[in-house]
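Using numbering that gives the first Met the number 0, the first residue of the sequence shown is number 0, and each one after it goes up by one. Heads up, the beta-carbon is just placed ideally off N, CA and C, and yes, glycines get one too. A quick note: this is a predicted structure, and the numbers were derived from the prediction, not measured.
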Amino acid sequence: MTGPAVTSAASPAPTRPVRPAFPDPVPPEDPAAVRAARRNRTRRLIFAGAVGVGVRLVVIVAEFAAYLACGADVLLVDAVASLADVAASLALLAAVKYAERPPDDDHPFGHGRFEPLAGLQLGVLIVLLGAVLGGQAVWDAAREEVALNLPLWAAAVPLAAAVLLEITGRVVKNVGRREHSSALIAEAYHYRIDAGTSLIAAVGLAAAATVPDWGGLIDRGGAALLAALMIGLGAAAVWENLHQLVDGVPDDARFELVREAAASVEGVLEVEKVRIQHAGPDAHVDIDVEVNPEETVCEAHRTAQHVRAAVQSAWPSVREVVVHVEPYYEGDH
């Protein structure tokens, strides 16, 4: 006879500790405003460049019409040079638009360098044109003087063009400075050079109309002066764009902006190193912040996310912020 079956209660399965969910990303204070600021920067740059192209087209039409009326070769040359400038400006605007594209698999840090690269090429072009013009002026000076005899009214066309181009150059430069676009600043130098070219053409035409025997000498002297100006301004444009391409340090105001944004975040006790890489419309920030050493990893991570969001809200050009979190100790500074 068998006894009653013995049953044993099943031992409970071991329970795992409940872990908090991974914190959601912290967006900038107003993500739509950050995206809009980036779009508006590109629009302002393109609008300023498009206005300049429109002004140049007006100058081309006016100078070509004056050439047909009086036969002054200098007007034809200036009009053709302006036509080449329009092509260069359109290429620059295309680069500005392309530089605004977001990162992809081939360009994980974005396409911002296309903008200063276009500005660098424009600066090199200005230097080369200045060297060619200077060499031509020296060559012409060695030749026999040729008297020029043209109507005085012909000088009014390039004179008006010089005024228009100088005003446009100032507007473009202001936009470039405000938006920190070295490419657009190089374009502003280009407008100033074009204004100088038109002014020299006006002086040469006026001299040819009033003192024909000296007109050629005045024209060549002005061309040599313009060549020196082109080389100087072109070199400045090359340096400004090259500074961005080789990761030169941006101005101090950008560092102060980043520091103030990071320091405003609750939990940040100290802001240490700040490194900024800025090229065209894009900036990348690497920053060290110190927090309470008693914070958990999750709390420190959350603080770092808020730092990133604060920096991007303060400076919409920043695509990426790498935050290094360190413990804060009194007297360790």
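Check                                                                                                                                                                                       : Outcome
List the endpoints of the continuous alpha helix (DSSP H) containing proline 376.                                                                                                           : A query on residue 376 cannot be resolved here, the shown segment of the chain reaching from 0 to 332 and no further.
Of the residues Leu132, Arg176, Leu92, which one's Cα is nearest the Cα of leucine 121?                                                                                                     : Leu92
Please report the distance separating the alpha-carbon of arginine 42 from that of alanine 313.                                                                                             : 20 angstroms
Label methionine 0 either buried or exposed according to how many other C-beta atoms from any shown protein chain fall within 10 Å of its C-beta, with 16 as the threshold for buried.      : Because the pLDDT at methionine 0 is just 49, under 50, the model does not fix this residue reliably, and the value given afterwards should be weighed accordingly. So methionine 0 ends up on the exposed side.
What are the start and end residues of the beta strand (DSSP E) that includes glutamate 282?                                                                                                : The question names glutamate, but residue 282 in the sequence shown is alanine. Residues 281-290.
Rounded to a whole number of angstroms, what is the C-alpha to C-alpha distance between valine 284 and proline 326?                                                                         : 20 angstroms
Do leucine 183 and leucine 336 have their beta-carbon atoms positioned less than 8 angstroms apart in this structure?                                                                       : Within the shown structure, residues of the chain are numbered from 0 to 332, placing residue 336 beyond reach of any answer.
Determine, using beta carbons only, whether valine 126 and alanine 201 come nearer to each other than 8 angstroms.                                                                          : no
Please classify glutamate 329: does DSSP put it in a helix, a strand, or coil?                                                                                                              : coil
Roughly how many angstroms lie between the CA atoms of arginine 37 and glutamate 114, to the nearest whole one?                                                                             : 14 angstroms
Give me, in chain order, the residues of the same chain whose beta-carbon lies closer than 6 angstroms to that of alanine 236; leave out the 5 immediate sequence neighbours on both sides. : Gly122, Ala185, Tyr188
Using the beta-carbon count (16 or more within 10 Å), is glutamate 62 buried or exposed?                                                                                                    : buried
Can you have a look at leucine 163 and say buried or exposed, based on whether 16 or more other CB atoms are within 10 angstroms of its CB?                                                 : buried
Return the chain-ordered list of same chain residues with a C-beta closer than 6 angstroms to the C-beta of leucine 158, the five sequence neighbours on each side being excluded.          : Ala201
Is it buried or exposed, proline 280, if we count other Cβ atoms within 10 angstroms and call 16 or more buried?                                                                            : buried
Determine which residues share a DSSP beta bridge with glutamine 120 and list them.                                                                                                         : DSSP, once it has assigned bridges, lists no residue as partnering glutamine 120.
Thinking C-beta only, is arginine 112 closer than 8 angstroms to alanine 278?                                                                                                               : yes
Return the CA-CA distance between histidine 323 and valine 317, expressed in angstroms with no decimal places.                                                                              : 17 angstroms
Between alanine 226 and leucine 132, is the Cβ-Cβ spacing less than 8 angstroms?                                                                                                            : yes
What are the start and end residues of the alpha helix (DSSP H) that includes arginine 253?                                                                                                 : 251-262
Express the C-alpha separation of aspartate 331 and histidine 305 in angstroms, rounding to a whole number.                                                                                 : 24 angstroms
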